[in-house]
Amino acid sequence: MRRSRAILTVLATGALTAGALTVLSPSADAASTLGSAAAAQGRYFGTAVAAYKLSDSVYSGILNREFNSVTPENEMKWDATEPTQGTFSYTSADTIVNRAITNGQKIRGHALAWHSQQPSWAQSLSGTTLRNAMVNHVTQVATHYKGKIDSWDVVNEAFADGSTGARRDSNLQRTGDDWIEVAFRTARAADPAAKLCYNDYNTDGVNAKSTAVYNMVVDFKARGVPIDCVGFQSHFNSASPLPSDYQSNLQRFANLGVDVQITELDIEGSGTAQANSYSTAVKACLAVTRCNGITVWGIRDSDSWRASGTPLLFDANGNPKQAYTAALTALGGSTTSPSPSASSSSASPSPSASQSSGTRSCTATVTVNAWTGGFVATVKVTAGAAALTGWTAGLTLPTGSAVTNTWSATASGTSGAVSFTNVGYNGTVAAGGTTEFGFQGTGTAPSTTTTCTAR
Ligand code: 9MR
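For the sequence shown, the positions run -30 to -1, 1 to 425 when mature numbering (1 follows the signal peptide of the UniProt record, and there is no 0) is used.
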């Protein structure tokens, strides 16, 4: 709904010549890592991350090199973030988030409302008391991470397995059927820039459970409940293999006007069979325009919640497996063989591919949702033929209007001529690539031309 209510679009260009500078382009080795190969397809490739493993240099080396999105594996769950009612604990999740921002990685938030991994105090609540506690939890956590989260799993695993298509019984479900939409509306109010997802497992193919989720999305769209995306966990093994209708199932959800994301991919097995399944999963996402990202549920097999099934892309020593090569190739990447300790800064791309001395330029397109007395502006910055290392977009607010809140950029002021400069994680934009920021304001929406200055 946010996006379709655009009433104003202004476009402007600006350019800054890089001159004699030779700059290592971030897209230089574009196709040699999972993240850069996915980015070249307009998508992200992420992994679940455990905060306590970040001090392991093999783990963090692969994380830095290969992935451009992260999902805290447990650190944002209710038991971790609100262990005592009203007392919030963000240290572990903040470690992952701040590190991802520094490294230019997107962040999937996981998960705001879930029947599992609740703190014991919440497990013992019911009715209005639990509903209010859930609303407060969603508000507090989404507000803490406001502007930093690409996509939130707002509600996780709310439907029952099997053929009933029913909701899963839980203390949250017993507060009333509307608990899911209340969680989504609450998350939207707290962080209007984050994409809001429903996430589940055993919904990867067309079946009673996925159809129940599908019907919920239809209903939410019809009634204006804010939902932007559906996550398909995609935990596969011999008992629950990758379904033959995976792609068509993703497509039927995308056709409802939501993004679809593969959120927790792991495929038990080894060798060619496992590699082929990874290739099929990646290709299914690429074939669906609105499938905008893939996350694997861990880095090395030894990091997996199902370690004995060796379901991931790197072996316990951090070496890329056949499945890694298959996933990278399916993404359109090249089949180099990185060593576990290699980092992007030690890669040796050819000089002709790695350096850009062209003219950096960018354009900024503003889309505004306005109402009487206020507005939200979303600004898309698009790089020209050369990669950006930073950008500043500028526009002039009408007299009496003021910026009240900015996300994914730093504003120079609140009224009159305001410029918005990239933050740490979104200054780097590949040639032809885009990034977005936004701001909220009071008064009349801006209607003047934007400028974009590239660095
Ligand atoms: O990988 C997570 C594991 O470390 C936890 O012990 C477990 C506890 O419920 O949750 C795992 O992650 C789950 C995710 O949050 C939701 N979908 C299923 C994942 C695998 O169980």
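All residues carry an ideal CB built from backbone N, CA and C; glycine is no exception.
Checklist entry - Counting Cβ pairs, one atom from each stretch, are 3 or more of them under 8 Å apart for the stretch 199 to 216 and the stretch 142 to 151? => result no
Checklist entry - Unbroken beta strand (DSSP E) runs of length 3 or more, entirely within the stretch 339 to 368: which are they? => result 344 to 353, 361 to 366
Checklist entry - So who's on the other strand from Trp377, going by DSSP bridges? => result Gly408
Checklist entry - Is it the case that the CB of Ser86 approaches a heavy atom of the ligand 9MR more closely than 7 Å? => result yes
Checklist entry - Just curious, the alpha helix (DSSP H) that Gln292 is in, first and last residue? => result 292 to 300
Item to check | Alpha carbon of Thr41 to alpha carbon of Ile32, nearest angstrom | outcome: 15 Å
Checklist entry - Excluding the five sequence neighbours on either side, which residues of its own chain have a C-beta within less than 6 Å of the C-beta of Tyr168, listed in chain order? => result Val125, Val200
Item to check | Classification of Pro53 by the beta-carbon crowding that lies within 10 angstroms, buried from 16 upward | outcome: exposed
Next on the checklist: Taking the alpha-carbon of Leu301 as reference, which of Ala257, Ala159, Ser378 has the nearest alpha-carbon?
Outcome noted: Ala257
Item to check | Val67: first and last residue of the uninterrupted alpha helix (DSSP H) it sits in | outcome: 61 to 72
Checklist entry - What is the DSSP secondary structure of Asn262, counted as helix, strand or coil? => result strand
Checklist entry - Is the Cβ-Cβ distance between Thr265 and Arg78 less than 8 Å? => result yes
Checklist entry - Can you round the beta-carbon distance between Asp49 and Gln87 to whole angstroms, since I take them to be within the 8 Å contact cut? => result 5 Å
Checklist entry - Where does Thr391 fall in DSSP's three states? => result strand
Item to check | Sequence-distant residues of its chain with Cβ nearer than 8 Å to Ser382 (five each side left out) | outcome: Val388, Ser389, Phe390, Thr391
Next on the checklist: Quick check on Tyr22: buried or exposed, where buried means 16 or more other Cβ atoms within 10 Å of its Cβ?
Outcome noted: exposed
Item to check | beta strand (DSSP E) segment containing Tyr14, residue limits | outcome: 14 to 19
Checklist entry - Going by alpha carbons, who is nearest to Ala379 out of Ser180, Thr362, Pro368, Thr369? => result Thr362
Item to check | Stretch pair the stretch 235 to 246 + the stretch 152 to 169: three plus CB contacts closer than 8 Å | outcome: no
Next on the checklist: I need the straight-line Cα distance from Thr337 to Pro368, nearest angstrom please.
Outcome noted: 16 Å
Checklist entry - Taking the alpha-carbon positions, what's the Lys118 to Val399 distance? => result 17 Å
Item to check | Separation of Arg13 from Asn219, as counted between CA atoms | outcome: 19 Å
Checklist entry - When we look at the beta-carbon of Asp229 and count the other beta-carbons within 10 Å, is it buried (16 or more) or exposed? => result buried
Item to check | Same chain only: Cβ atoms within 7 Å of Gln55, ignoring 5 sequence neighbours per side | outcome: Trp91, Ala103
Checklist entry - Ala63 to Ala128, Cα distance in whole Å? => result 23 Å
Item to check | Contacting residues, own chain, Cβ-Cβ under 7 Å from residue 496 (five flanking each side not counted) | outcome: In the structure as shown, the chain starts at -30 and stops at 425, and residue 496 therefore has no counterpart that could be examined.
Checklist entry - Under the three-state reduction of DSSP, which class applies to Ala415: helix, strand or coil? => result coil
Next on the checklist: Among Ser304, Ala18, Tyr29, Asn141, whose alpha-carbon lies nearest the alpha-carbon of His80?
Outcome noted: Ala18
Checklist entry - With a Cβ-Cβ cutoff of 8 Å, do Gly268 and Gln231 count as a contact? => result no
Checklist entry - Skipping 5 residues on each side, what residues in its chain have a beta carbon closer than 7 Å to that of Gly227? => result Lys191
Item to check | Of the residues Gln217, Pro211, Arg270, Asp215, the one placed nearest Ala243, counting alpha carbons only | outcome: Pro211
Item to check | Distance between Asp26 and Asp271 (C-alpha atoms, nearest Å) | outcome: 15 Å
Next on the checklist: According to DSSP, simplified to helix, strand and coil, what is Thr156?
Outcome noted: helix
Checklist entry - Got a sec? Which residues, its chain only, sit under 7 Å from Val393 by beta carbon, not counting five neighbours each side? => result Ser378, Ala379, Thr380
Checklist entry - Less than 7 Å between the CB of Glu406 and some heavy atom of the ligand 9MR, yes or no? => result no
Item to check | Reduced DSSP category for Ser86 - H, G, I as helix; E, B as strand; rest coil | outcome: coil
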